[in-house]
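The structure under discussion appears below in the form of structure tokens.
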Amino acid sequence: MDTVQIILGLLILLLVGGVAYYASQHRSHDLRPAPATRRQAESGRQSDIHRDFQRVFSMTSAHGKEGLIKRWMDRTGCDRTEAMRLATEEWRRDNR
1 MDTVQIILGL LILLLVGGVA YYASQHRSHD LRPAPATRRQ AESGRQSDIH RDFQRVFSMT
61 SAHGKEGLIK RWMDRTGCDR TEAMRLATEE WRRDNR
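When we follow the UniProt record's numbering, the leftmost residue of the sequence shown carries the number 1, and every step to the right adds one.
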């Protein structure tokens, strides 16, 4: 084999590898839209809960809000977002 044939063979091999890689990346993106949508929905839910919490406890100091969240987290063993949701629900229940 001469040098020109070797170089052409390598270029063809790189081209085929690049096309295969490109196709595999686009195929994997097409197969995984649900988790991204779920993350966006979860993020939207968290921002709604955060917004409600801030609105309900707007007259409470930052220190008071943190204490309220910490008490709910300690009491129920949940995360911050869930603690905010529970505190907001309890406030609304008590103030109807």
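Ideal placement from N, C-alpha and C gives every residue a C-beta, glycine not left out.
None of these values were measured; they are calculated from a predicted model.
Secondary structure of residue i, DSSP reduced to three states
i: D74; result: helix
i: M59; result: coil
i: R96; result: coil
i: D52; result: helix
Sequence-distant residues of its chain with Cβ nearer than 6 Å to residue i (five each side left out)
i: R81; result: According to the sequence provided, residue 81 is Thr. The question's Arg does not apply to it. Correct list, in chain order: Q46, I49.
i: A87; result: L68, W72
Residue i at chain D interface by Cβ criterion, 8 Å
i: A62; result: The question asks about chain D, but that chain is absent: this structure has only one protein chain.
Own chain, CB closer than 8 Å to residue i, minus 5 neighbours either side, in chain order
i: T60; result: L68
i: A20; result: none
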